[in-house]
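The block underneath contains the structure these notes are about, expressed in structure tokens.
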Amino acid sequence: MNEREYFAQFAKRTGMFIGRTSLTGVTAFMVGYDQAAQRHGGLGLFGWRDWLMTHYQVSANLIWEAQIRQIALPGREGTWDLTPEQEAHVLKVLFELFDKFLAERESVASGS
Numbered sequence: 045m046n047e048r049e050y051f052a053q054f055a056k057r058t059g060m061f062i063g064r065t066s067l068t069g070v071t072a073f074m075v076g077y078d079q080a081a082q083r084h085g086g087l088g089l090f091g092w093r094d095w096l097m098t099h100y101q102v103s104a105n106l107i108w109e110a111q112i113r114q115i116a117l118p119g120r121e122g123t124w125d126l127t128p129e130q131e132a133h134v135l136k137v138l139f140e141l142f143d144k145f146l147a148e149r150e151s152v153a154s155g156s
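In structure tokens, the structure reads:
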């Protein structure tokens, strides 16, 4: 199973992996995955934040979680708290964009 397939399964069954599904939980899981992958010679999330900045107008001084919020909820400023509907939307956008990122990275790696 490649990273793209793995994260597609994670997106479908997030609660199975982390319990209560939340943006904070998903972010923590992905950061942990990144650290483990890099420790064992994998790419993990390498290039993810730069990809977001290249493809979307997001603030360069933000962590990738905040950049995803900016993309999913444009114009929203202020509190870090999200309604359940907003959080579900941000997660949907996160998984869609992460799949695009992984697909591009896979394509570059295979030379196609």
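Sequence positions in the sequence shown follow the working numbering and run 45 to 156.
A virtual CB, placed ideally from N, CA and C, is assigned to each residue, including glycine.
Taking only the alpha-carbon atoms, compute the straight-line gap between residue i and residue j and give it to the nearest angstrom.
i, j, result
"Gly119", "Leu106", "15 Å"
"Phe142", "His133", "14 Å"
"Tyr100", "Met60", "31 Å"
"Gln111", "Val102", "6 Å"
Under three-state DSSP, which class holds residue i?
i, result
"Glu121", "coil"
"Val102", "coil"
"Ser151", "helix"
Below 8 Å on the Cβ atoms is my contact criterion, and I expect residue i with residue j to pass it. Report the Cβ-Cβ distance as a whole number of Å.
i, j, result
"Gly85", "Asp78", "At roughly 13 Å, the Cβ-Cβ gap does not stay under 8 Å, so Gly85 and Asp78 are not in contact."
Along the chain, where does the alpha helix (DSSP H) containing residue i start, and where does it finish?
i, result
"Arg48", "Glu47 to Lys56"
"Tyr113", "Per the sequence shown, residue 113 should be read as Arg rather than Tyr. Note, Arg113: alpha helix (DSSP H), Trp108 to Ala116."
"Leu25", "As displayed, the chain neither begins before 45 nor continues past 156, which places residue 25 out of reach and without an answer."
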